[in-house]
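Per this note's numbering: the sequence shown = residues 4 to 763.
These notes concern the structure reproduced below.
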Amino acid sequence: MVQMAPCPFLLLLLLLAPAAPSLSAEEKRRSSSSGRGPEELAFVTEYFSQSSQKLSFYSWYGNARLFRFRVPEDTIQLRWLLQASKGKGPECGSMQVIIHFRYGAPPVINPLGTPFPTNASVHLSYNRTLTLATALQNSTFVNLTGPAAGDWFIAAHLPEAPGKIEVKSDMFVLRAVDASVLEPNTTMQQIIAWPARPLHAKIFVPEYTATLHFKLGSCRVNTSTTCAVRVTLGSFTLSPSSQKVLNCTGACSLLLESPPWERWLPITVESLSGPGASVSFEMMASFTVCKPGGAGSFLSFYQSLNRSQETPLLGGKPNVTLLPVAGPHDAFGQGSLCLRGQPVVREDLDVASVHFRVLGESDVPVQAEPPALLLFNLNSGMDSGGTLVLTLVLNQSSSGLGNATVWACLSATSPVLSPNATRGCSTAFSQGYMLNVSTISMEASLNIPYPESENWFLSLQLVCPENSGECDKAQAQVSVLAYLTPCFDDCGTYGQCSLLRRYGYLYAGCSCKAGWSGWSCTDDSKAQSVGLQTLATLLLTLSNLLFLPAIAVALYHYHLAEASVYIFTMFFSTFYHACDQPGVAVLCIMDYDTLQFCDFLGSVVSIWVTILCMARVKKILKYVLCVLGTLVIAMSLQLDRRGVWNMLGPCFFALLIMITAWVYRGVTRHHCYPPSWKRWTFFIFPGISLALVAMVVYAFLETNENYYYTHSIWHILVASSVAFLLPPGDKHKNPWAWSRKLLCRYQICKNDREELYAVT
Numbered sequence: 004m005v006q007m008a009p010c011p012f013l014l015l016l017l018l019l020a021p022a023a024p025s026l027s028a029e030e031k032r033r034s035s036s037s038g039r040g041p042e043e044l045a046f047v048t049e050y051f052s053q054s055s056q057k058l059s060f061y062s063w064y065g066n067a068r069l070f071r072f073r074v075p076e077d078t079i080q081l082r083w084l085l086q087a088s089k090g091k092g093p094e095c096g097s098m099q100v101i102i103h104f105r106y107g108a109p110p111v112i113n114p115l116g117t118p119f120p121t122n123a124s125v126h127l128s129y130n131r132t133l134t135l136a137t138a139l140q141n142s143t144f145v146n147l148t149g150p151a152a153g154d155w156f157i158a159a160h161l162p163e164a165p166g167k168i169e170v171k172s173d174m175f176v177l178r179a180v181d182a183s184v185l186e187p188n189t190t191m192q193q194i195i196a197w198p199a200r201p202l203h204a205k206i207f208v209p210e211y212t213a214t215l216h217f218k219l220g221s222c223r224v225n226t227s228t229t230c231a232v233r234v235t236l237g238s239f240t241l242s243p244s245s246q247k248v249l250n251c252t253g254a255c256s257l258l259l260e261s262p263p264w265e266r267w268l269p270i271t272v273e274s275l276s277g278p279g280a281s282v283s284f285e286m287m288a289s290f291t292v293c294k295p296g297g298a299g300s301f302l303s304f305y306q307s308l309n310r311s312q313e314t315p316l317l318g319g320k321p322n323v324t325l326l327p328v329a330g331p332h333d334a335f336g337q338g339s340l341c342l343r344g345q346p347v348v349r350e351d352l353d354v355a356s357v358h359f360r361v362l363g364e365s366d367v368p369v370q371a372e373p374p375a376l377l378l379f380n381l382n383s384g385m386d387s388g389g390t391l392v393l394t395l396v397l398n399q400s401s402s403g404l405g406n407a408t409v410w411a412c413l414s415a416t417s418p419v420l421s422p423n424a425t426r427g428c429s430t431a432f433s434q435g436y437m438l439n440v441s442t443i444s445m446e447a448s449l450n451i452p453y454p455e456s457e458n459w460f461l462s463l464q465l466v467c468p469e470n471s472g473e474c475d476k477a478q479a480q481v482s483v484l485a486y487l488t489p490c491f492d493d494c495g496t497y498g499q500c501s502l503l504r505r506y507g508y509l510y511a512g513c514s515c516k517a518g519w520s521g522w523s524c525t526d527d528s529k530a531q532s533v534g535l536q537t538l539a540t541l542l543l544t545l546s547n548l549l550f551l552p553a554i555a556v557a558l559y560h561y562h563l564a565e566a567s568v569y570i571f572t573m574f575f576s577t578f579y580h581a582c583d584q585p586g587v588a589v590l591c592i593m594d595y596d597t598l599q600f601c602d603f604l605g606s607v608v609s610i611w612v613t614i615l616c617m618a619r620v621k622k623i624l625k626y627v628l629c630v631l632g633t634l635v636i637a638m639s640l641q642l643d644r645r646g647v648w649n650m651l652g653p654c655f656f657a658l659l660i661m662i663t664a665w666v667y668r669g670v671t672r673h674h675c676y677p678p679s680w681k682r683w684t685f686f687i688f689p690g691i692s693l694a695l696v697a698m699v700v701y702a703f704l705e706t707n708e709n710y711y712y713t714h715s716i717w718h719i720l721v722a723s724s725v726a727f728l729l730p731p732g733d734k735h736k737n738p739w740a741w742s743r744k745l746l747c748r749y750q751i752c753k754n755d756r757e758e759l760y761a762v763t
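Dropping the structure here:
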């Protein structure tokens, strides 16, 4: 049970970028002479905004409020202004707001320090903590220069505790509109005139690029002195090695292996010379192209596709991803055979649920040279909200392996085309995920929570520990199982996979129960035993049997309408709590939502009819109020089932009716009502005391940890108070008189007005 914080909080996330400063006429002339447009025309500012969200204390990922922003191409600067404010009042103490940032997918966070499931490969996201002390407002800045274009995600939450605040997020970006385009194998002459503002350029990296060779030379200051510049390649993504930085004096070069395919690579050049320096230099870039396997891959693809068409595929029309064959020559020169592509089918099953299947043979043949390459298309923009699961199994029929190992590398944006177990699994700007299978360990698994929305590549190669010649004739058969699932292992036995939605973006998270915790509910350090779960279920269900005395008292005093409401409440409260339990001791006789609605409805209506019965109003008015009140309560519960006024409203209104009726009788009869001191001493005061204690337990003592016994005490106290508070029946009617009408055909009926008896 989560309680609300007593203080209103507001968090503002503001992403800002300073506008380009105005230049003097002389500066504009120098800028124009360098071949670039005026600086004030080189940048545009764009603004994005989202409405505020309430921020919760963290217990599972659903408590984190997620924002998604689309950063456009050629963005050179972002600035986050994190501002938090809180309401006034002495009850508001110190508070921390934790903000997480990530590019390409929702942030992977672990505020509670719980372990991740086995075989999970996790890189925790960058985070900042904003502390609110006695001041009503606090703020901090996070600056990004050269951010990567695409989806950026921000997740915000409070530490582990009960409460809520509000979150709002805006974004301003500073985008370059005249970035120079560097052509491959073409020298580009550039000048940076004082005031020395950075030069922004970019080059497009085509598919199947193995290496990119960047050179900067002929660098001069004022046409004579050797200059010093800083060159930055790549976009910043808050991850290690997301950018390469060169400090050049005169000339420098950089060789990038496996640069990101099919995207623009930004290049920023900054002058390190002093004031008044005009820097000139030349830039050039060249590519080494990787040639995929020969035409046989096309034939095998069509043969496997024809075979697959004979058996209809499930899950709709598949999306076939084929690594096409490049010609022997292209615009960048002679290519070299460096990979064998395997066609992969993508089958969309549901939200964040995708299955990948290799066409052709059931296993992927893996050799020493060239490596086998599989492409998993996860760039739809909605695939980053699940978990990518990859399993490799070495077929026992593989021959001639000996001590050889199948080395595998899973990477995003570009593959590792020159696998090397000693060098690791890394591309030009990112670190991949490495797996190994061999005759000793024939299976390896990997699961990646919230994978980046990119093309993912799996490189497979046979590696020998000592003599590489042993692998020349060997071939391994590896079964590849890859799929995207909303939650890994469906959150296990003690978790529920919940689909979350923020501004149209769908992602999944595990809500754990029975004391289990962790990303996939695998941490059992605080888990409840099966015996404790059974005890909790028995306490919450059997405590409803305390309504039996209240039902007996109602029937004894001829309060049939009230007795039927109590029977309804006892029945649905029993089976709702039997279905609501977090462990394995669960019994659901019907839909959970129906049981919950009936339990809430019965609880509030029981209080309503009990107080109306104590008011002793006329029967016709009593029945009208009972029916009308029940309908209004049902409508209120449908609007907001957990609203606090669903119970307080009927209680206050019924108490107002009862007090008015009692005061009216006391005034007209000139003595206290009810008139008997015994009624006050032995029934009304004990009943009110039990009801007040029940409200204190419900409002102030009930928590998630003690819920099963505090809520059981609530059941006992409320049911017992009803038995005390029900008024005695009509003194002209004998107790249990209603039962004789059900059992006997001939009855003695009483006429209250004429005091006559007749046989019917």
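Glycine is no exception: its CB is placed at the ideal position from the N, C-alpha and C atoms.
Short of 7 angstroms in beta carbon distance, which residues of its chain neighbour residue i, apart from the five on each side in sequence? Order them along the chain.
i    : result
Q480 : D366, P368, N398, S400, S401
F575 : L598, C601, D602, G605
R619 : A664, P730
S303 : Unreliable positioning characterises S303 in this predicted model, as indicated by a pLDDT of 49, which lies under 50. The coordinate reading is nonetheless provided below. These residues qualify, in order along the chain: G363.
What separation, rounded to the nearest whole angstrom, lies between the Cα atoms of residue i and residue j?
i    : j    : result
S289 : S429 : 21 angstroms
D386 : R68  : 19 angstroms
M650 : S52  : 38 angstroms
S441 : P468 : 12 angstroms
L127 : P110 : 7 angstroms
G319 : D353 : Here the model assigns G319 a pLDDT of 40, short of 50, so the residue's position is not dependable, and the following value carries that caveat. Approximately 11 angstroms between the Cα atoms of the pair.
S523 : D154 : 25 angstroms
S142 : L84  : 7 angstroms
L695 : Y701 : 10 angstroms
K622 : Y712 : 39 angstroms
A152 : W267 : 10 angstroms
Y710 : P418 : 52 angstroms
T706 : Y667 : 42 angstroms
Q86  : N66  : 20 angstroms
V396 : V483 : 7 angstroms
I636 : L658 : 16 angstroms
T525 : V176 : 41 angstroms
Which same chain residues, not among the five before or five after residue i, have their C-beta less than 6 angstroms away from its C-beta?
i    : result
D351 : V357
L236 : K247, I270
G255 : Going by the sequence as given, residue 255 is Cys instead of Gly. The answer, listed in chain order, is L219, L249.
T416 : P263, E457
P162 : Q99
S183 : A204
Q306 : Any reading at Q306 must be qualified, since the residue scores a pLDDT of 49, below 50, and its modelled position is unreliable; the value itself is stated next. Around Q306: no qualifying Cβ.
F3   : Absent from the structure is residue 3, since the part of the chain shown begins at 4 and ends at 763.
Go through its chain and collect everything with a Cβ distance to residue i's Cβ below 8 angstroms, but skip five positions before and after it.
i    : result
Y626 : A564
L1   : Residue coverage of the chain in this structure runs from 4 to 763, which leaves residue 1 outside it and unanswerable.
Y508 : L69, R71, M385, G388
R178 : F46, V47, T48, E49, P75, E76, D77, T78, I79
Is it right to say residue i is buried, meaning 16 or more other beta carbons lie within 10 angstroms of its own, or is it exposed?
i    : result
K294 : buried
F703 : exposed
Q641 : exposed
E455 : buried
D77  : buried
G518 : buried
Y595 : exposed
R73  : exposed
N188 : exposed
Spell out a yes or no on whether the segment 716 to 731 and the segment 547 to 564 are touching, meaning 3 or more CB-CB pairs, one atom from each, closer than 8 angstroms.
yes
Runs of 4 residues minimum, wholly inside the segment 114 to 163: which ones carry the alpha helix (DSSP H) assignment?
Entirely contained in the segment 114 to 163, not one alpha helix (DSSP H) run reaches 4 residues.
For the segment 401 to 420 and the segment 490 to 499, state whether three or more C-beta atom pairs, one from each stretch, are separated by less than 8 angstroms.
no
Pick out the complete beta strand (DSSP E) segments inside the segment 337 to 385, 3 residues or longer, and give them in chain order.
Counting only runs of 3 or more, we get 343 to 345, 347 to 353, 356 to 361, 367 to 369, 375 to 380.
Does the segment 493 to 503 touch the segment 367 to 381, meaning 3 or more C-beta pairs lie closer than 8 angstroms?
no
What are the start and end residues of each continuous beta strand (DSSP E) run of 3 or more residues lying completely inside the segment 194 to 237, in chain order?
202 to 208, 212 to 224, 231 to 236
Which runs of the beta strand (DSSP E) fall wholly inside the segment 397 to 450 and span at least 3 residues, in chain order?
Secondary structure in the segment 397 to 450: the beta strand (DSSP E) runs of 3 residues or longer, each lying completely within the stretch, are 408 to 415, 436 to 441 in chain order.
Which whole runs of the beta strand (DSSP E) in the segment 45 to 86 are 3 residues long or more, in chain order?
46 to 59, 68 to 74
Can you check the segment 586 to 625 for any alpha helix (DSSP H) of at least 4 residues that lies completely inside it and give the ranges in chain order?
595 to 618
Every unbroken beta strand (DSSP E) within the segment 664 to 707, with a cutoff of 3 residues, ordered by chain:
none
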